[in-house]
Amino acid sequence: MHERVTIRPADLSEVEAIASMWQETSKWLHSKGVDQWQYPADEEKITRDVTSGTAYVVTSAGKYLGTITVDENADPEFWAKKDLPTEAIYGHRIIILPHARGKSVGATVLDWASRKAEKAGKRWLRVDAWKTNTELARYYEGQGFEHVRTVDLPHRRSGALFQREAGTITGAGPGFLGLESPLHEPDGTRSTEGQWGWYAG
Ligand SMILES: CC(C)(COP(=O)(O)OP(=O)(O)OC[C@H]1O[C@@H](n2cnc3c(N)ncnc32)[C@H](O)[C@@H]1OP(=O)(O)O)[C@@H](O)C(=O)NCCC(=O)NCCS
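Per my numbering, residue 246 is the first one in the sequence shown, and the count goes up by one each step.
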């Protein structure tokens, strides 16, 4: 895949599509014998993320390739005061659909998030990953993330913490066109005010 992918805020009509991406990924993980994400998508949470403008969809030629949510919400059970939690943005629900895999679109999405963190004046792009998933840990390390530590809480399955310096770009995937909406209406619809801005990477 050489054409640029588009990364833009999702709108409320796309909650269902993001939930199906989760379901499809959950099935794929199960088929690989991985116990990550073996529960239904939390549609309420997706709706909240779409409403707050933090859930994005990744598309190419009008087809969904995946999704990511990025926000400034450091999980207080994982990120401690010493990590300076406000100096990062956090990636969640990072999915590239099976049909789009193996072309490093994940690398593009992480590069996009890294640029976004830099533009927001942050120092880090951070993720938390499934504690027991060594293959996923290898994936993040291959993308230039350092393993900060693994927080092993009995009631949490995630807790392997990774970070990469904001602005670090691997350039391993196709380029992107990022669309940013500075304003979302409280009901999640796109605001008619404010500037929609595109940027390319
Ligand atoms: C991580 C992801 C976004 C990367 O997408 P991509 O850029 O197309 O890269 P690939 O899918 O080719 O993944 C690279 C490798 O990591 C492996 N991998 C990715 N996610 C994995 C997971 N959750 N568990 C185990 N292995 C995983 C892939 O099988 C692949 O291995 P291979 O090179 O031996 O085939 C995508 O694989 C994905 O959606 N994974 C499932 C959801 C997930 O775990 N997201 C991260 C949550 S913290």
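Just so it is clear, CB atoms sit at the ideal spot from N, CA and C, and this is done for glycine as well.
State yes or no: is the C-beta of Val350 within less than 8 Å of the C-beta of Leu310? yes
With 16 as the cutoff for other CB atoms within 10 Å, does Leu398 come out buried or exposed? exposed
Which full runs of the alpha helix (DSSP H) of 4+ residues lie inside the region 326-398, going along the chain? 350-364 and 379-387
Considering only C-alpha positions, which residue in the set Gln388, Thr270, Asn378 and Phe407 is nearest to Ala333? Phe407
Are Ser359 and Lys376 touching if we call contact CB-CB under 8 Å? no
Within 10 angstroms of the Cβ of Lys361, are there 16 or more other Cβ atoms? Answer buried if so, exposed if not. buried
Where does Thr415 sit, in a helix, a strand or coil, going by DSSP? coil
Does ligand 2 have even one heavy atom less than 7 Å from the beta-carbon of Ala333? Judged by which ligands are present, ligand 2 is missing from the structure shown, whose ligands are ligand 1.
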